[in-house]
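Here this note's numbering runs 6 ahead of the position in the sequence shown, where the first position is 1.
Beta carbons: idealized from backbone N, C-alpha and C, even for Gly.
Treat the numbers as computed from the prediction; the structure is a model and nothing was measured.
Reviewing the structure listed below.
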Amino acid sequence: MIFSSIYSHAIFAQEIEARTYSNAPIGINFVSAGVVQAKSGNYKLTSEVVSLTHVFAAGSQSGKITLVLPYGQLTGTSKLGGQTVNASTEGLSDPIIKASINLYGAPALSLDQFKNYQQDLIIGASLAASVPWGKYDDNQILNVGANRWFVQPGIGASKAVGSWRFELAGTGIFYTSNSNFSGGNTLSQNPVYSTQTHAIYYFQNTAWISADATYFIGGQSYLNSSPISSSQENWRFGNTLSYPVNRQNSIRLSASTGAYSRTNNSYDLFGLSWQYRFGGGL
7 MIFSSIYSHA IFAQEIEART YSNAPIGINF VSAGVVQAKS GNYKLTSEVV
57 SLTHVFAAGS QSGKITLVLP YGQLTGTSKL GGQTVNASTE GLSDPIIKAS
107 INLYGAPALS LDQFKNYQQD LIIGASLAAS VPWGKYDDNQ ILNVGANRWF
157 VQPGIGASKA VGSWRFELAG TGIFYTSNSN FSGGNTLSQN PVYSTQTHAI
207 YYFQNTAWIS ADATYFIGGQ SYLNSSPISS SQENWRFGNT LSYPVNRQNS
257 IRLSASTGAY SRTNNSYDLF GLSWQYRFGG GL
């Protein structure tokens, strides 16, 4: 069903992005601002997203912590159970906190030390969570806020082969229930499990381009403990391009599309963002 897919996964589907498990100099910060648009059927979710990432030392290895603040506009209309479901809302979407720690192959290095670093194999773990602070109206089926938490643990690896990086990761998304759905009902959802892979090519000017793929399964939804959707099974493919403007600024383009969806809830996603890095001796 569309209400269980377009919000719950549209923004967080940015996690198709590559380089979750990569190394960077300790103390570096990244500020990013951009626009993401997801389209599914007659619905469109446009999100302006600001994020801040800090690279830190986690023992002898590097780690990252990121805060994501999205603001969304949701519009569209469709038929659901013989009724017309309209969406016309905007406001703060649920913030997301993400942390990743490299367990092997990504030593904690200063900016000067990092100049001599050559990646081989990196293994890391991650944890993300949403905070239900987004705008939510229980009189509407579709909202920009979900009125529930999710927690997403993950593990992944990145292997360098010449100018290429090959990545493989797996995650699970676990949801709390929304006990105030559509007039006091309880909406619950089974976990969603996913894998993703990336083939990334680095150019000499540090620009990079990636081919991305993800597969996820699960996520059956329930209303007051009665099933209202079947388990999902989806394949998505996409591309990402990051291009440096100068030492501190870069732009990123991303796009992905649903290649297969067993429950007819695929969507197209487009993103454009600007990134500024500072700190750590830059």
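DSSP beta-bridge partners of serine 256 = Pro250, Gln281
query = Quick one, which of Asn191, Gly168, Thr90 has its alpha-carbon nearest isoleucine 234's?
reply = Asn191
Given a cut-off of 8 Å, decide if glutamine 210 and glycine 225 are closer than it, judged by their beta-carbon atoms. no
Original post:
Is phenylalanine 222 helix, strand or coil by DSSP?
Top reply: strand
Three-state secondary structure (DSSP) of isoleucine 234
coil
Who are the near neighbours of asparagine 92 in its chain, counting only those whose CB is closer than 7 Å to its CB and skipping five residues on each side?
Thr83
| query | How do the segment 59 to 69 and the segment 31 to 44 stand: do at least 3 beta-carbon pairs fall below 8 Å, yes or no? | reply | yes
Buried or exposed, going by whether 16 or more other CB atoms sit within 10 Å of the CB of arginine 154? buried
How about alanine 213 and tyrosine 27: are their beta carbons less than 8 Å apart?
no
Query - the segment 237 to 257 contacting the segment 66 to 85, beta-carbon criterion three pairs below 8 Å - result: no
Q.
Nearest by alpha-carbon distance to glycine 111: which of Gln125, Asp118, Asn255, Ser46 is it?
A. Gln125
Beta-carbon contacts of alanine 105 that lie in its chain and below 8 Å, excluding the five residues immediately before and after
Gly69, Lys70, Ile71, Thr72, Ser132, Leu133, Ala134
Q. Is serine 99 near valine 137, with beta carbons less than 8 Å apart?
A. no
inquiry  = Less than 8 Å between the beta carbons of valine 74 and isoleucine 102, yes or no?
reply    = yes
Open item on the list: Whole angstroms are fine: how far does the CA of tyrosine 49 sit from the CA of leucine 109?
Closed with: 41 Å
ask   = Which one of Ser183, Tyr273, Ile179, Lys141 has the shortest CA to CA distance from proline 159?
value = Ile179
Q) If you drop the 5 nearest sequence neighbours on each side, which residues of the same chain put their C-beta closer than 7 Å to that of alanine 265? A) Trp241, Arg242, Phe243
If you run the structure through DSSP and keep just helix, strand and coil, what is leucine 98? strand
How is isoleucine 215 classed by DSSP in three states: helix, strand or coil? strand
**Message:** Taking the alpha carbon of leucine 170 as the reference point, which residue from Gly140, Gln195, Ala205, Ser188 has its own alpha carbon closest?
**Reply:** Note on residue identity: the sequence assigns tryptophan, not leucine, to residue 170. Out of Gly140, Gln195, Ala205, Ser188, Ala205 has the C-alpha closest to the C-alpha of tryptophan 170.
Quick check on the DSSP output: what are the complete beta strand (DSSP E) runs of length 3 or more inside the segment 147 to 208, in order along the chain? 156 to 167, 170 to 181, 184 to 187, 191 to 195, 198 to 208
Bounding residues of the beta strand (DSSP E) (the contiguous stretch that carries glutamine 43)
35 to 46
Residues in its own chain within less than 6 Å of threonine 203 by CB, not counting five upstream and five downstream? Leu174, Ala219
| query | Going by the CB atoms, is the gap between isoleucine 215 and tyrosine 207 shorter than 8 Å? | reply | yes
| query | Are proline 113 and serine 66 touching if we call contact CB-CB under 8 Å? | reply | yes
Exposure of asparagine 145, with buried meaning 16 or more beta-carbon neighbours within 10 Å: exposed
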